[in-house]
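Residue numbers (this note's numbering): 50 to 188.
Okay, structure coming up:
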């Protein structure tokens with residue numbers, strides 16, 4: 050009977066919407082749990098990854114590293130989230146502050162740009178490989 054009604058009545062399935070679930074929307078799992086340990090590990094990994102970069106990053110470079118628009122970096126500077134200095138036409142932000150900001154729980158729990166998501170995925174991959182090596186060394 051159900052199958053027949055499903056095939057013949059056009060609005061039949063729309064009547065049943067939500068009847069077979071707990072009526073909550075699907076929420077994707079976060080890329081990385083924003084725990085204190087994960088934030089600290091991600092911060093250390095970013096420091097290692099960007100070790101060759103100068104201590105004062107041009108805002109254009111900082112934006113490219115995480116896939117932001119340079120205007121967003123300038124907004125963070127205006128909000129006094131990041132400190133900067135302007136030399137000539139170029140504005141520089143402090144690399145250490147930028148890394149700490151990008152490794153904060155707020156940023157890790159809600160990554161917005163594709164480049165930042167790629168960084169998190171790469172970090173998780175390296176973290177898993179490191180754990181596997183440690184497990185294999187124990188056995």
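The beta carbon of each residue, even a glycine, is placed where N, CA and C say it ideally should be.
- For residue 131, same chain residues with a beta-carbon under 8 Å away, outside a window of 5 residues either side, are 122, 125, 142, 143, 146, 147 and 150 in chain order.
- Within the region 77–134, the runs of alpha helix (DSSP H) at least 4 residues long that lie entirely inside it are, in chain order, 85–98, 108–115 and 119–127.
- Between residue 160 and residue 80, the CB-CB gap stays under 8 Å.
- About 5 Å separates the beta carbon of residue 88 from that of residue 152, a gap short enough to meet the 8 Å contact definition.
- The distance from the Cβ of residue 172 to that of residue 94 is about 5 Å, consistent with a contact at the 8 Å cut-off.
- DSSP, reduced to helix, strand and coil, places residue 136 within a strand of the structure shown.
- Bounds of the alpha helix (DSSP H) holding residue 55 are 51–57.
- Its chain contains 122, 142 and 147 as the residues whose beta carbon lies nearer than 7 Å to that of residue 111, once the 5 sequence neighbours on both sides are disregarded; these appear in chain order.
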